[in-house]
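What follows is a set of notes on a single structure, which appears directly below.
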Amino acid sequence: MPQHETEEPNAAELRDKMVLNLREQGVLTNEIENAMRAVPREVFAPGIPLAEVYDPVDAVVTKRDEHGMATSSVSAPWLQAVMLKQARIGSGMRVLEIGSGGYNAALMKELVGPDGEVTTVDIDPFVTTRARRFLTQGGYGNVNVVTGDGALGARQHMPEQGWDAIVITAGAWDVSPGLVSQLAPEGRLVVPLRINGFTRSIALKWEDGHLVSESLEECGFVPMTGLDQHDKRLFLLHGEEIGLSFDEHDVPDPARLTGALESERTVEWTGVTIAPTDSFGTLQMQLAATQPGFAILSVDEQADTTMVLPLNRRATPAVVRDRSFAYLTKRRAGDIVEFGVIGHGPDAKDLVGNLVTTVTEWDSTYQHRTLHVRVFAKETPDEQLPPGEPVLDKRHSRLTFFWT
Ligand SMILES: C[S@@+](CC[C@H](N)C(=O)[O-])C[C@H]1O[C@@H](n2cnc3c(N)ncnc32)[C@H](O)[C@@H]1O
């Protein structure tokens, strides 16, 4: 019996389960659900166990670098659904995907239908060769697959008025002007953008000559390489176990922190509590968007250390000033978690006090609000930026932030 006859029912069952799970999560529109039911995800991840292929929450890694870090994947189904929804892709549209795998482009093709067109660009010929092959096998040979740097878009396939939707599926540090210039007046640009190290998938649309966000979702992605690659700077606070990473331009000289961790610890509790399962993504964003000297504290998963007690070992908001730093911590009391702040160094008391105030403000004002991002061209002078909105300068753009 040919292999597909034994596997097909299983794949179909798993696809159905995946779709039901995503529907329960509330991330599907009817159109995206139909697309996910139509596209055989296993075609885009050959040789991978079907249960992994159809896991609704995890990506399928398809390529790693020499350090074992993922450089390409078929993204997690929930995230694909979220971003397709953010992009508002509809019938007849002409859409551009940056970062190919084939599966997401096939979903897009289902969404745009026979009158629409999909172009997908990847910088890695290994990825585009596979994507082209899988798309043809899956019945989506009419998707344009381009090998190139996505920061430049794909002018050769662009409609005259620009793309109706551009979806970037690699972690970007900046908003490429090459892509902004290719976005149609009514289009959406969806970009997983790093804001001081925290990534949010942001759907942007035009408003008064600049871009403004329509939605913002938590996510993670393999970083973009090529023209717009931007690497974090890591400063090791203690051996190889504890690090502070800096992701923006105005990095304080981290070498000044040598020995800071060994100095006395200042601790202050905020009185701000949440349930252990509550999200504090808005707090991460509030700090990342507004705090000078922002950094992310991380601790090696294997390390058995109590020298730092971060909120979360993978990524905890921190601030650095000269020879001092402070970061968020937590303590558990029954069913609730209280935020605290720990600092080290000569300015620890001051830094800790500032962070406590910010956490308290978040609790009283921002916790349940929505953060919006505006993207202005780099040459926009200060006086043309919205007054009172914090500014984050990138290489090609100027971001400002506001809450509603
Ligand atoms: C998460 S994968 C894309 C997943 C894909 N959209 C899918 O169907 O699930 C990210 C891809 O972005 C690509 N990439 C990274 N930098 C890029 C760039 N500057 N231009 C185009 N592609 C890039 C990587 O090679 C990788 O294949």
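Heads up: the sequence shown begins at 1 in full-length UniProt numbering, then just goes up one per residue.
Glycine included, C-beta positions come from ideal geometry on N, C-alpha and C.
For Ala165, the first and last residue of its enclosing beta strand (DSSP E): Trp163 to Ile168
State yes or no: is the C-beta of Val82 nearer than 6 Å to some heavy atom of ligand 1? no
C-beta contact flag for Ala38 and Val74 at 7 Å: no
Note the first and the last residue of the continuous alpha helix (DSSP H) segment covering Gly178. Pro177 to Val180
Would you mind listing the alpha helix (DSSP H) stretches within the region 55-140 that are 4+ residues and don't spill past its ends, in chain order? 77-87, 103-112 and 125-138
By how many angstroms is the C-alpha of Gln137 removed from the C-alpha of residue 413? The first residue shown for the chain is 1 and the last is 404, placing residue 413 beyond what the model contains.
So for Ser324, helix, strand or coil by DSSP? strand
Could you tell me which residues DSSP puts in a beta bridge with Thr273? Glu338
Less than 7 Å between the beta carbons of Gln86 and Val190, yes or no? yes
When DSSP labels each residue in this structure, what does Arg332 get in the three-state scheme? strand
If contacts are defined as beta-carbon pairs under 8 Å, then Leu287 and Phe294 qualify, I think. What distance do you get, rounded to the angstrom? 6 Å
Among residues of its own chain, excluding the 5 on either side of Phe198, which ones have a beta-carbon nearer than 6 Å to its beta-carbon? Gln284 and Ala288
My guess is that Asp300 and Glu241 are in contact by the Cβ rule of under 8 Å, so how many angstroms apart are they, rounded? 5 Å
Look at the alpha carbon of Ser397 and the alpha carbon of Cys219, and state the distance between them as a whole number of angstroms. 21 Å
Assuming Lys394 and Asp174 are in contact, meaning their beta carbons sit under 8 Å apart, how far apart are those beta carbons, in whole angstroms? 4 Å
For Arg155, which option in Thr119, Asn142, Gly345 and Ala275 has the closest C-alpha, if you only look at C-alpha atoms? Thr119
Secondary structure of Ala295, DSSP reduced to three states: strand
Determine the extent of the beta strand (DSSP E) in which Val145 is found, giving its start and end residues. Asn144 to Thr147
Let's see if you can read the secondary structure: which residues bound the beta strand (DSSP E) around Glu186? Leu183 to Ile195
What separation, rounded to the nearest whole angstrom, lies between the Cα atoms of Ile168 and Ser176? 11 Å
Pro310 and Leu297 closer than 7 Å at C-beta: yes
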